[in-house]
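Chains as they are written, first to last, in our numbering: chain A, 12 to 216; chain B, 1254 to 1830.
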């Protein structure tokens, strides 16, 4: 992976957290230990509460393949994991982890990777859809997330006047910025960046 | 709900008659429509001919206090598939029709001339009146004309211009609680059969009627309460659907590589996130729309919504997952505003969004327009609604359009376009697409709790059922649920919560004073499917009609590089029970 570029800090006065959900759906990066189970990586490296993972997260994809077993090992750097709550529809039910209808999608189900682990650590792209995005966002954003600079640029471009004139504050590499143009100028165009979002009075989302 | 209303359009003015239920007693919804069609319609008839009939039937629990029991079934011989058809819709229609006491309306006979008629039904009786001012009015025009008659206590069941032109892609529209014609019996061209009888609109006025009374009020009330609680506490019915609507599936199906893109060429759409349910709900909320709305009174799940423009003005109902897929990813269109506009036009002209989107996808592949060309797609739907020569071809569905433009890749079974799940990635649903008597239909074998119902007998919970067995059992169970008037989305709570399934059985028993068991429900599903399969056999269908188009076997689907490889011999086993 490329070295980490800019660090962006945002302080939100109240509300507005939903503007960041698309970033989580697009995917955020975690440095993780390889050769361990998906369960261990999600709980220990990504910080997802075990109860939440087992109860709320009913649908998991590894590189687009539905996963039935949380003991599935992560073996390579650069793999993508997507998390979702239980979904409607026959096919939504079919995609569920270990669900009754899993056989209906046996052709794309994740199967154990026969390749061995070559490295001790690597990078995992974690995508959070629907409820996992909204429910895990406050904690993850407060801790700081790593994402593509291009995704951050798109987010900044999408922030409207209500953000810039509504009491939110943004700093890029510790330098306060007051407009979209300033922020984009300091951000840089490629690689990875770190984003932290603080919202001391978070409520009413 | 103890009578059947027949409107015979033969010989001058349509004649109205009412009759007791007779052999049809105890039936509702799909059981009613498919039984009447299979008994009374000559299978070899032309779907638009005098021998065909259009049957409109509320479900067994419609018009009662039962939650989520507002589905209205519409059945006939399908102009699109040539086989039997049951298509159902939400909206207010089922509740009002059932409270008025009708278990079915049957439109039958041979239309004389080109006159159009409007049917008015209230507690005092039925009137059928000629009204040629309705000629080529679209559904929202009809709403403006008639809303004062039905908006408070009733509903309108109508056809748009597509049905009036008897296009094979045409719907029967049912109004929602706001009186808008947003809910549709969409599949199979049922609107064309209504048009062939010259009936433009049916206005239901429920003023002075009451909820249907259960035989055992206490048992029914208790079961209904438990059932409602079950729906509320389940993550899908109580949270996911109300928050995001059905379009929450876009990101998930796209992630899985089962999202048909560019007319089923690829399994993942690069701009799927832009049209996802999450993005849609966030946009609606930001603009002052409403992402949580019930399509009929008494709905707990409220998976619908109101889509508004940037100024907060109503554009359409919140487009469903299937619509967003058909007009969106399948056509490479990634602007929600464009998709909502297409959804409105489909509702207005009376077009099935799945069939229309799939047809435009075929037209894109044929070079009539580029993938992603939303303005031209909108123009084409106008052409269909106005009945230009090109529009009439497109309005005849994806299969006809592919023939007209000389291309092989029509994603259809029995002439009906596939919905939003690629059968190469989810082969089990491909089995249902292939074998359902209805043509390619994602709701023909829904996620109903076959495990709890023990459809197919006692299955070892540790043994995985095969795709054929699952498809068979799902089709049986779905046929039964389609007869109750229940929204299929109850399936998720019923699937995971045995007590909620029991509450559903108890509710039916409490209402009718019966002692049905899960076995009886299974038997009902089998009886319906047998009747439907028998109708299709007599209409000339063979095992060769229970197949997917060949290209699904030949072309591998990215990103998982899969094809549809379920052997034909296994498909032929689906209905061997």
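Just so it is clear, CB atoms sit at the ideal spot from N, CA and C, and this is done for glycine as well. Note that the coordinates shown come from a computational prediction; the quantities given were computed from them, not determined experimentally.
Residue 1300 of chain B in three-state terms, based on DSSP = coil
Any alpha helix (DSSP H) of 4 or more consecutive residues that is wholly inside the region 1599–1659 of chain B = Runs of alpha helix (DSSP H) with 4 or more residues, each lying fully within the region 1599–1659 of chain B, are found at 1606–1618, 1627–1639, 1642–1647 and 1651–1658, listed in chain order.
Determine the chain A residues that contact residue 1497 of chain B at a beta-carbon separation under 7 Å, and present them in chain order.
-> 141
Interfacial residues, the region 103–123 of chain A to chain B, with Cβ spacing under 8 Å = 103, 104, 105, 106, 111, 112, 113, 114, 115, 116, 117, 118 and 119
What's the C-alpha gap between residue 1810 of chain B and residue 1678 of chain B?
-> Taking the straight line from one Cα to the other gives about 8 Å.
Would you call the region 1446–1459 of chain B and the region 1301–1309 of chain B in contact, with 3 or more CB pairs under 8 Å?
-> yes
Three-way DSSP call (helix, strand, coil) for residue 1716 of chain B in this model = Reliability of the predicted coordinates at residue 1716 of chain B is poor, the pLDDT of 46 falling under 50, and no value is obtained from them.
What are the start and end residues of each continuous alpha helix (DSSP H) run of 4 or more residues lying completely inside the region 1445–1521 of chain B, in chain order?
-> 1470–1486, 1494–1497 and 1502–1509
Can you check the region 16–81 of chain A for any alpha helix (DSSP H) of at least 4 residues that lies completely inside it and give the ranges in chain order?
-> 32–37 and 61–66
Kindly indicate if chain A contains any beta-carbon less than 8 Å away from that of residue 1716 of chain B.
-> Unreliable placement is indicated for residue 1716 of chain B, whose pLDDT of 46 sits below 50; no coordinate value is reported for it.
Interface positions of the region 1802–1818 of chain B facing chain A (Cβ-Cβ less than 7 Å), listed along the chain | So the close ones are 1812, 1813 and 1815.
So residue 1544 of chain B is in the beta strand (DSSP E); what residue range does that whole segment cover?
-> 1543–1546
For residue 1765 of chain B, the first and last residue of its enclosing beta strand (DSSP E) = Here residue 1765 of chain B belongs to no beta strand (DSSP E); instead the alpha helix (DSSP H) covers 1751–1765.
Does the Cβ of residue 62 of chain A have 16 or more other Cβ atoms within 10 Å, making it buried, or fewer, making it exposed?
-> exposed
Mind checking whether residue 1775 of chain B and residue 1729 of chain B have CB atoms under 8 Å apart?
-> The answer is yes: Cβ separation under 8 Å.
Apart from the five residues on each side of it in sequence, which residues of its chain come closer than 6 Å, Cβ to Cβ, to residue 1793 of chain B?
-> none
For residue 15 of chain A, count neighbouring C-beta atoms within 10 Å of its own C-beta (all shown protein chains included) and say buried if the count is 16 or more, exposed if not.
-> exposed
Per DSSP, residue 1256 of chain B is paired with what?
-> B:1273 and B:1355
Step through the CB atoms of chain A and report whether any lies within less than 8 Å of the CB of residue 1713 of chain B.
-> Because residue 1713 of chain B sits at a pLDDT of 47, beneath the cut-off of 50, its placement in the model cannot be relied upon, and the following sentence gives the value as read from the coordinates. Not closer than 8 Å to any Cβ of chain A, the Cβ of residue 1713 of chain B fails to qualify, so no.
From the DSSP output, read off the bridge partner residues of residue 181 of chain A.
-> A:21 and A:188
With distances taken between CB atoms, is the gap from residue 1369 of chain B to residue 1384 of chain B smaller than 8 Å?
-> yes
Looking only at its own chain, which residues have a Cβ that is under 6 Å from the Cβ of residue 1529 of chain B, when we skip the five neighbours before and after it?
-> 1503 and 1504
Please look up how many angstroms separate the CB atoms of residue 1739 of chain B and residue 1312 of chain B, rounded, as I've assumed it's under 8 Å.
-> Residue 1312 of chain B and residue 1739 of chain B do touch by the CB rule: their CB atoms are close to 7 Å apart, below 8 Å.
At what residues does the beta strand (DSSP E) containing residue 1379 of chain B begin and finish?
-> 1378–1383
Taking DSSP as the reference, what is the three-state secondary structure of residue 1559 of chain B?
-> strand
CB contact below 8 Å: residue 99 of chain A versus chain B = Taking 8 Å as the CB threshold, residue 99 of chain A lines the interface with chain B.
8 Å contact criterion, which residue 36 of chain A and residue 138 of chain A should meet: CB distance rounded = The beta-carbon distance between residue 36 of chain A and residue 138 of chain A, rounded to whole angstroms, is 6 Å. This is short enough to meet the 8 Å contact definition.
Alpha carbon to alpha carbon, what distance is there between residue 1475 of chain B and residue 26 of chain A?
-> 41 Å
Would you please verify whether the beta carbon of residue 217 of chain A is less than 8 Å from any beta carbon of chain B?
-> No statement about residue 217 of chain A is possible, as the shown extent of chain A runs from 12 to 216 and does not include it.
Tell me, please, which residues DSSP counts as bridged to residue 1286 of chain B.
-> In DSSP, residue 1286 of chain B forms no bridge with anything.
Contact the region 1746–1760 of chain B vs the region 1480–1496 of chain B: 3+ CB pairs below 8 Å | yes
Measuring alpha carbon to alpha carbon, tell me which of B:1268, B:1314 and B:1263 ends up nearest residue 1255 of chain B.
-> B:1314
Since residue 1809 of chain B sits in a beta bridge, which residues does DSSP pair it with?
-> Per DSSP, none; premise fails for residue 1809 of chain B.
Option nearest residue 1732 of chain B by Cα separation, candidates B:1721, B:1771, B:1781 and B:1608 | B:1781
Residue 94 of chain A: first and last residue of the uninterrupted beta strand (DSSP E) it sits in = 90–95
Would you decide whether residue 1635 of chain B is buried or exposed? Buried here means 16 or more other CB atoms lie within 10 Å of its CB.
-> exposed
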